[in-house]
Amino acid sequence: MAVPRPEPHGPCDCGNADFTDGYCTVCGERRPEPDRDEVAVRGIVLVTDRGLHHTRNEDAAAAGVVPTDDGRFSFAVAVCDGVSTSVDAQTAATAAAQAGVAAMLDALAACRSGHGAAATGLAGAAATGLA
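The working numbering numbers the first residue of the sequence shown as 553 and each following residue consecutively.
Shown next, in the form of structure tokens:
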């Protein structure tokens, strides 16, 4: 599960609280995005925050859980730093985090070692072509 993007909320800088398709109905500015994204997944807490010098949060995280044969669980987590100079860094970071976790969970379900699953996750993230 990736850290979900919360719906932007709050008034526009001009003070207006009415938006259509994410844009202020008075001044036309885009609705401000939240500074923090967070979610809990079976005991794993994922949090990403907007950087000090950025207008939006460009980072992403994802996590997942797969049961093991002995009734326990294996966890997979990926955190991706959005590259500020890229186009739509948040989208690239989210795609890479989700692909990495999916690949790790598949590897863990196939009884691969943690090291092998991590390597598979890195390859999965890189294969998105966005990482």
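Every residue, glycine too, gets a C-beta built ideally from N, C-alpha and C.
Measure the beta-carbon distance from residue i to residue j and round it to whole angstroms, keeping in mind my assumption that it falls under 8 Å.
i    : j    : result
A659 : T672 : 4 Å
Y575 : R588 : Contact flag wrong, Cβ pair sits at about 23 Å.
Does the Cβ of residue i have 16 or more other Cβ atoms within 10 Å, making it buried, or fewer, making it exposed?
i    : result
D633 : exposed
T572 : exposed
T646 : buried
C564 : buried
Restricting to Cα atoms, I'd like to know which of the options is closest to residue i.
i    : options                : result
A615 : A675, R582, A592, A661 : A592
S638 : E610, V653, Q650       : E610
V631 : A651, A662, C564       : A651
G676 : N568, C663, A655       : A655
Kindly provide the ranges of any alpha helix (DSSP H) runs that are 4 or more residues long and lie completely inside the stretch 610-662, ordered along the chain.
641-661
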